[in-house]
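A quick write-up on the structure given underneath.
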Amino acid sequence: MPKRVVILGAGYAGLVTALELRKNATPEDTEVILVNKHNYHQLVTQLHELGAGAKSDTSARIMIEPVIRNKYITLIKDHVESIDPKEKRVRLSQQELSYDYLVVALGSETEYFGIPGLKEHSFILKSINQARLLRTHIERCFAEYHYTRDESLLTFVVGGAGFSGIELVGEFADRMPVLCEENNIPLDKVKLFNVEAAPSILPGFDKELVERAEKSLTERGVKFLVGVPIVQVEPGKVHLKNGDVIATQTLVWTGGVRGNQIVIDAGFETEPRGRAKVNEYLQALGYEDVYIIGDSCFIINEETGRPYPPTAQIAGQMGTAVGKYLFADLRGGTKEPFKPQIMGSIASLGRKDAIAKIGKNYQATGRFAYIVKDMSKLRYLAKIGAVIKKA
Ligand code: NAD
Numbered sequence: 001m002p003k004r005v006v007i008l009g010a011g012y013a014g015l016v017t018a019l020e021l022r023k024n025a026t027p028e029d030t031e032v033i034l035v036n037k038h039n040y041h042q043l044v045t046q047l048h049e050l051g052a053g054a055k056s057d058t059s060a061r062i063m064i065e066p067v068i069r070n071k072y073i074t075l076i077k078d079h080v081e082s083i084d085p086k087e088k089r090v091r092l093s094q095q096e097l098s099y100d101y102l103v104v105a106l107g108s109e110t111e112y113f114g115i116p117g118l119k120e121h122s123f124i125l126k127s128i129n130q131a132r133l134l135r136t137h138i139e140r141c142f143a144e145y146h147y148t149r150d151e152s153l154l155t156f157v158v159g160g161a162g163f164s165g166i167e168l169v170g171e172f173a174d175r176m177p178v179l180c181e182e183n184n185i186p187l188d189k190v191k192l193f194n195v196e197a198a199p200s201i202l203p204g205f206d207k208e209l210v211e212r213a214e215k216s217l218t219e220r221g222v223k224f225l226v227g228v229p230i231v232q233v234e235p236g237k238v239h240l241k242n243g244d245v246i247a248t249q250t251l252v253w254t255g256g257v258r259g260n261q262i263v264i265d266a267g268f269e270t271e272p273r274g275r276a277k278v279n280e281y282l283q284a285l286g287y288e289d290v291y292i293i294g295d296s297c298f299i300i301n302e303e304t305g306r307p308y309p310p311t312a313q314i315a316g317q318m319g320t321a322v323g324k325y326l327f328a329d330l331r332g333g334t335k336e337p338f339k340p341q342i343m344g345s346i347a348s349l350g351r352k353d354a355i356a357k358i359g360k361n362y363q364a365t366g367r368f369a370y371i372v373k374d375m376s377k378l379r380y381l382a383k384i385g386a387v388i389k390k391a
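Each residue of the sequence shown is one higher than the one before, counting from 1 in UniProt numbering.
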């Protein structure tokens, strides 16, 4: 009887796990089931491009079937509802599955910090469908402005200036002139705010790169409001801690992420923001048959004593490692503790500009950094053997 490996989530971590495991495990020794709520894999690192309307949805949507074809991976398109690790069962909305080994790669959720009205009255960018909602909303704001001349329609607020917020305002900054031209509206009617609670944008990132990003974006019309948290949101209004109120029809919240509720509800040990604690082999504490990886888990960087950030780069590396660990579980063999190899971090600043920290010491900016970022996406697509339509 083959052992059954069930992988929950076909994001960067889950899809790579399935592909890596299948490099070695044969259908005779292992059954691999991949559960995902869509029949496509989403390049969530590119959603800011979609949300601003710079690229089409197809540029971030990878159909899973061609990627797993002939690899003996069964894709079940369904929602995961709950996990029972004691009974070794997973409940989906249409069926139940038992497993010998489970990989939980369900990603993260948006952290709203209990800010009143924020969840109800903001856009987020965690899926292609959410990006599409944002894009069509912005187009509608421009169209409606013709009739109402309501300035709040052309006031756009991004809450949070971490990597997600900065990449999004970069896209907005390049997109607004195009939308103004198409709608025959002077560019100076558009207001684009990026609100950040911390004293600086991109908290914790290299100072020179932060200044470079700030300059590039400010020159293209972004107004940064730093050191002022968003404290309340109502329809048409964003309230800041300093008492200011921004009248806007568009708030995009990129203020933080937390772990997945399904992981918390399953009773796995988690840290305060809901990410699962795992051992050096990415196994859930107390459950050697459950791996929790990607944004759903939490690992500490021993050099800094701080948690590694939840990034696609680390999620993919965890997928590769767990594909190997599972093979060792199934066939016997040694496992090397997981240690991420951080190649660097790159934030795009629109269509042509970016800031990059490569390795520990090297920095890059401008078109070159932008190309490096594009190359890392292409490298990933080649690794999973994906075919992508041109945007
Ligand atoms: P984040 O947590 O990194 O940033 C959120 C920002 O929102 C913080 O700067 C925080 O101070 C701010 N904030 C929190 N509460 C606020 C409030 N009430 N008002 C205003 N600002 C508030 O979240 P993120 O940017 O979504 O990134 C999540 C993870 O994904 C990070 O680890 C990041 O490095 C990673 N990421 C990487 C890339 C890339 O490598 N290009 C792109 C996007 C995200």
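No residue lacks a Cβ here, since even glycine has one placed at the ideal position from N, Cα and C.
With distances taken Cα to Cα, identify the nearest neighbour of residue i among the options.
i, options, result
"Thr334", "Gln341, Val322, Cys141", "Val322"
"Val6", "Tyr370, Ala131, Glu219, Leu326", "Leu326"
"Phe298", "Gly259, Ala312, Tyr287", "Gly259"
"Ala161", "Val278, Ala197, Asp188", "Ala197"
"Gly286", "Cys141, Phe268, Glu302, Gly53", "Phe268"
"Pro229", "Ala18, Glu214, Ile246, Ala213", "Ile246"
"Ser82", "Leu106, Ser59, Ser200", "Leu106"
"Ile355", "Ile342, Ile371, Gln341, Tyr291", "Ile371"
"Ser93", "Asp84, Tyr101, Val103, Val80", "Val80"
"His239", "Gln313, Val195, Gly316", "Val195"
"Lys191", "Phe224, Pro199, Lys55, Asn183", "Phe224"
"Leu202", "Asp188, Ile262, Leu179, Leu168", "Leu168"
"Asp329", "Met63, Lys119, Lys77, Asn24", "Asn24"
"His38", "Gly332, Lys77, Val231", "Lys77"
"Met343", "Ser59, Met375, Ile292", "Met375"
"Ala386", "Thr30, Glu65, Val32", "Glu65"
"Asp206", "Ala364, Leu43, Ser164, Ala10", "Ala364"
"Trp253", "Lys241, Leu118, Tyr281, Lys324", "Leu118"
"Glu111", "Val103, Tyr101, Ile124, Asp100", "Ile124"
"Glu208", "Ser98, Arg22, Lys357, Gly255", "Lys357"
"Pro307", "Asn361, Pro186, Ile73, Glu271", "Glu271"
"Asp57", "Thr17, Val44, Thr311", "Val44"
"Ile68", "Thr30, Ile115, Arg22", "Arg22"
"Leu50", "Lys373, Glu151, Ser200, Lys126", "Lys126"
"Glu280", "Ala10, Met63, Glu31, Glu336", "Glu336"
Name the two residues that bound the continuous beta strand (DSSP E) containing residue i.
i, result
"Val290", "290-292"
"Ser348", "344-348"
"Leu97", "96-98"
"Arg273", "Segment: none, Arg273 is in no beta strand (DSSP E) and carries neither H nor E."
"Leu102", "101-104"
DSSP has residue i in a bridge; who is on the other side?
i, result
"Met63", "Tyr40"
"Glu120", "None; Glu120 has no bridge partner."
"Gly319", "Answer is none; Gly319 lacks a bridge partner."
"Arg149", "For Arg149, which the question treats as bridged, DSSP gives no partner whatsoever."
"Asn194", "Val158, Phe224"
"Arg306", "Asn301"
"His239", "Gln232, Val245"
"residue 395", "With the chain covering only 1 through 391, there is no way to say anything about residue 395."
"Asp84", "Arg89"
"Lys3", "Thr30"
"Ala284", "Val278"
Assuming residue i is part of the alpha helix (DSSP H), what are its boundary residues?
i, result
"Ile355", "Note, Ile355: premise wrong, no alpha helix (DSSP H); beta strand (DSSP E) at 354-358."
"Gly14", "12-24"
"Ser376", "366-384"
"Asp174", "163-183"
"Leu75", "No alpha helix (DSSP H) holds Leu75; the beta strand (DSSP E) holding it covers 73-77."
"Thr58", "Segment: none, Thr58 is in no alpha helix (DSSP H) and carries neither H nor E."
"Glu336", "No alpha helix (DSSP H) holds Glu336; DSSP gives it neither H nor E."
"Lys189", "Segment: none, Lys189 is in no alpha helix (DSSP H) and carries neither H nor E."
Is residue i buried or exposed, if buried means 16 or more other CB atoms sit within 10 Å of its CB?
i, result
"Ala382", "exposed"
"Phe368", "exposed"
"Arg175", "buried"
"Glu181", "exposed"
"Leu19", "buried"
"Phe113", "exposed"
"His48", "buried"
"Ser296", "buried"
"Glu214", "buried"
"Ala315", "buried"
"Gln313", "buried"
"Met318", "buried"
"Arg87", "It is worth fixing the name first, because residue 87 is Glu in this sequence and not Arg. Exposed is the call here."
"Ile262", "buried"
"Gln304", "Sequence inspection shows Thr at residue 304; the Gln mentioned does not correspond to that position. Exposed is the call here."
"Arg379", "exposed"
"Gln283", "buried"
"Gly359", "exposed"
"Arg331", "exposed"
"Glu171", "buried"
"Gly14", "buried"
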